[in-house]
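J.:
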Amino acid sequence: MSANAIYRLLGPALFSTIVAAHGHISNVVINGVSYAGWDIGSYPYMATPPTVIAWGTPNTSNGFITPVGPDEYGSTDIICHKEATNAKGHAVVAAGDKVFLQWTPEWPSSHHGPIVTYLANCGTGGCETVDKTKLEFFKIDGVGLIDDSTPPGTWADDELIAQGSGWMVEIPPTIAPGNYVMRHELIALHSAGSAGGAQNYPQCFNLQITGSGTDKPAGVVGTSLYKSTDPGILIDIYQSLSTYVVPGPTLYSGAVSIKQATSAITASGTPVTGAGGAAPTGSTTKSTSTTLITVPTTSTKTTTTTKTTTTAAGGGGATQTVYGQCGGNGWTAPTACASGAACSSLNPYYSQCVPTGV
Ligand SMILES: [Cu+2]
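Residue numbers for the sequence shown, in mature numbering (1 follows the signal peptide of the UniProt record, and there is no 0): -21 to -1, 1 to 337.
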């Protein structure tokens, strides 16, 4: 069902929730225990946000990273989202266990694309203080085009929508225990037919992985994961595709492909703090914490997602939020944008409210 159809069913009461475009991970479920994600609606405004296992961002919109400008995908924002700062806690998970990543419910059905998940070892100092630019990511899951019988086809994130906006990954049983950053990402390709049109939504979490595996797969730093011209990044999905190559480095040989499923929540988890206790040497090299993890108390974004004031369905008088869809084939919801944004046609299928004067 499209966001528009949901909107028509549920009416304006849920309007702001549904059209706050794109998404982020609200919580992570490990063996039934739910760990809170980074709440973009409140944490960026707090001097001391709660300790969570998710990396922080001052970004208060559900926005994305895109390969525009001279940096392409070389900006450090591609690593763990915009101006991301280290998570201050972590969750413990055994190699071979499954992790369920719960996205916010409004992922737009127009945003077809792959779902990719990586791990990077933080070393014995833990992930709470690691330098993100040094993290070397190896891919443990990558699902792209599932069925292209009717372009633009069925993609991994259609499967995500179908199971309540969540995605399950298995921690490879063969990797060595230690502290890892999990980098999980949706890539939206609805506008990827032209250069710079792909939208990346990376989300990072700190995990302490236990087990007896010994593999230490090689990886690549976040700023080298993608090029704007990768065949899985610069692609017109509205044509018939014979193949689709999931972007990023080769899948780790020990990765386990699983059938998608949801994960029931039976308890809420408290993040573990400290260096992780995984140092196999028993040494206590807790590098004295630097001030790397200061969280900005003010947002540098000038956009806001709370300006939607809508009336009844049908678009009359209603406005779309910044980055929300505002047009395209079959679109019958609002075509006007909230103040500070203008509707821009990206292709015949998708127009988007983009900020003006940014
Ligand atoms: Cu979007």
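Backbone N, C-alpha and C define an ideal beta-carbon position, used for all residues, glycine too. Model, not experiment: these values are computed from the prediction.
Check each candidate in Asp76, Ile4, Gln331, Thr103 and name the one with the smallest Cα separation from Arg162.
T.: Answer by Cα proximity: Ile4.
J.: Within 10 angstroms of its Cβ, does Pro151 collect 16 or more other Cβ (buried), or is it exposed?
T.: Pro151 comes out buried.
J.: Quick check on this structure: which residue in Ala70, Asp18, Trp134 has the alpha carbon closest to the alpha carbon of Leu220?
T.: Out of Ala70, Asp18, Trp134, Trp134 has the C-alpha closest to the C-alpha of Leu220.
J.: Using the three-state DSSP reduction, which class does Thr189 fall into: helix, strand or coil?
T.: DSSP places Thr189 in strand when its eight states are reduced to three.
J.: Kindly examine ligand 2 and report whether one of its heavy atoms sits closer than 7 Å to the Cβ of Ala167.
T.: The model on display carries ligand 1 but not ligand 2.
J.: Measuring from the CB of Gln178, is there a heavy atom of ligand 1 at a distance below 7 Å?
T.: Yes.
J.: Hey, Gly2 and Asn38: beta-carbon distance below 8 Å or not?
T.: No, the pair does not count as a contact, with Cβ atoms beyond the cut-off.
J.: Between Ala70 and Leu186, which are expected to be in contact by the criterion C-beta below 8 Å, what is the C-beta distance as a whole number of angstroms?
T.: About 6 Å separates the two Cβ atoms, so the contact holds.
J.: Between the C-alpha atoms of His158 and Gly190, what's the straight-line distance to the nearest angstrom?
T.: Looking at the sequence provided, one finds Asn at residue 158 rather than His. Their backbone Cα atoms lie some 12 Å apart in a straight line.
J.: Among Asn10, Lys77, Ser203, Ser318, which has the Cα closest to the Cα of Thr55?
T.: Of Asn10, Lys77, Ser203, Ser318, the residue nearest in Cα terms is Ser203.
J.: Report the residue from Thr208, Lys238, Gly145 whose alpha carbon sits nearest the alpha carbon of Val224.
T.: With distances taken between Cα atoms, Val224 lies closest to Thr208.
J.: So, are the CB atoms of Gly35 and Ala63 less than 8 Å apart?
T.: Against a cut-off of 8 Å, the Cβ pair of Ala63 and Gly35 comes out as a contact.
J.: Select from Pro23, Thr103, Ile140, Thr229 the residue whose C-alpha is nearest the C-alpha of Ile188.
T.: When each option's Cα is compared against that of Ile188, the closest is Thr103.
J.: Tell me whether the beta-carbon of Lys111 lies closer than 8 Å to the beta-carbon of Ile237.
T.: Not a contact, by the Cβ cut-off of 8 Å.
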